[in-house]
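Enquirer: Numbering (my numbering), first residue to last: 138 to 363.
Before I ask anything, let me first share the structure, which is written out below as structure tokens.
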């Protein structure tokens, strides 16, 4: 009769063997260019990418604003007045902070998530400002990571998510977006790499589309042109 510890070790060994990834049995992912041919084509020029992103934004209920470097802060101020924002959240010291300042809200109402935050206070903010890793023209998506764009909560909890991006961040397609992530982060990928394609929506209830069910009800993307 075997000892209890021997039986336990045998069970654990079999479990490990069952769940071990056998790379030799995994299917070949294939050439990225082959997948690119299956996706909608994107013209090479920046202007074409911007127009395609705008088309998708209209379809997805994303508000898309392309502004000159001298004008984008005024666009933020106009949004703040129109939406009646009273409080905001942001992450970092770059464009997201500048957007918060441009909104003209009292500094005491601005929550900097780099210093830690109370989730309930973050959820109560009227707007969350972030930058992004990239904008994807092919799908009208915003590429975000947990490492560079405020973690998981900032782009989800406030009811209005405002993304500030520069023209150089407009990539043509999903494959280019993933290549950018690999180039930027190497093997040390962030714990979250996500694409936000329009505001949060669900059709679970009677197949009626409802915005804001699992995240922000509004998504605004402000692109700063060169």
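Heads up, the beta-carbon is just placed ideally off N, CA and C, and yes, glycines get one too.
Bear in mind the structure is a predicted one, so any value in this text is a computation, not a measurement.
(1) Hey, out of 359, 293, 309, 307, whose CA is closest to residue 331's CA?
(2) In chain order, which beta strand (DSSP E) runs of at least 3 residues are fully inside the region 216–246?
(3) Using C-beta distances below 7 Å, list every residue in its chain close to residue 214, excluding the 5 sequence neighbours before and after it, in chain order.
(4) Among 206, 233, 277, 248, which residue has its Cα nearest to the Cα of residue 267?
(5) In whole angstroms, give me the CA-to-CA distance for residue 208 and residue 173.
(6) What's the gap between the Cα of residue 302 and the Cα of residue 244?
(7) Please name the residue in 146, 216, 143 whose C-alpha comes closest to that of residue 83.
(8) Reducing DSSP to helix, strand and coil, say where residue 261 ends up.
(9) Can you check whether the CB of residue 179 is closer than 7 Å to the CB of residue 310?
(10) Among the candidates 335, 287, 289, 277, whose CA atom is the shortest distance from the CA of residue 191?
(11) To the nearest angstrom, report how far apart residue 356 and residue 328 are at their CA atoms.
(12) Just tell me which of 265, 203, 354 has its CA closest to the CA of residue 337.
(13) Residue 306 and residue 272 look like a contact to me (Cβ under 8 Å); what is the Cβ gap, rounded to whole Å?
(14) Whose C-alpha, out of 296, 300, 275, is nearest the C-alpha of residue 287?
(15) Would residue 226 and residue 250 be called neighbours here (beta carbons separated by less than 7 Å)?
(16) Under a Cβ-count criterion, where at least 16 other Cβ atoms within 10 Å of its own Cβ denotes burial, should residue 201 be classed as buried or exposed?
(17) Under the rule that 16 or more other beta-carbon atoms within 10 Å means buried, what is residue 295, buried or exposed?
(18) Residue 332 by DSSP, collapsed to three states: which one?
(19) In the DSSP assignment, find the unbroken alpha helix (DSSP H) run with residue 381 in it and report its ends.
(20) Need the endpoints of the beta strand (DSSP E) that residue 355 sits in, please.
(21) Can you tell me whether residue 276 is helix, strand or coil according to DSSP?
(22) Taking DSSP as the reference, what is the three-state secondary structure of residue 138?
(23) So what does residue 181 bridge to, in DSSP terms?
Expert: According to the structure data:
(1) 293
(2) 225–227
(3) 239, 240, 241
(4) 233
(5) 36 Å
(6) 23 Å
(7) Nothing can be reported for residue 83: it is not among the residues displayed for the chain, which extend from 138 to 363.
(8) helix
(9) yes
(10) 277
(11) 23 Å
(12) 354
(13) 6 Å
(14) 300
(15) yes
(16) buried
(17) buried
(18) strand
(19) Because the chain is modelled from 138 through 363, residue 381 falls outside the range shown and cannot be assessed.
(20) 355–361
(21) coil
(22) Legend: pLDDT at residue 138 = 49, less than 50; position of this residue unreliable, no value from coordinates given.
(23) Answer is none; residue 181 lacks a bridge partner.
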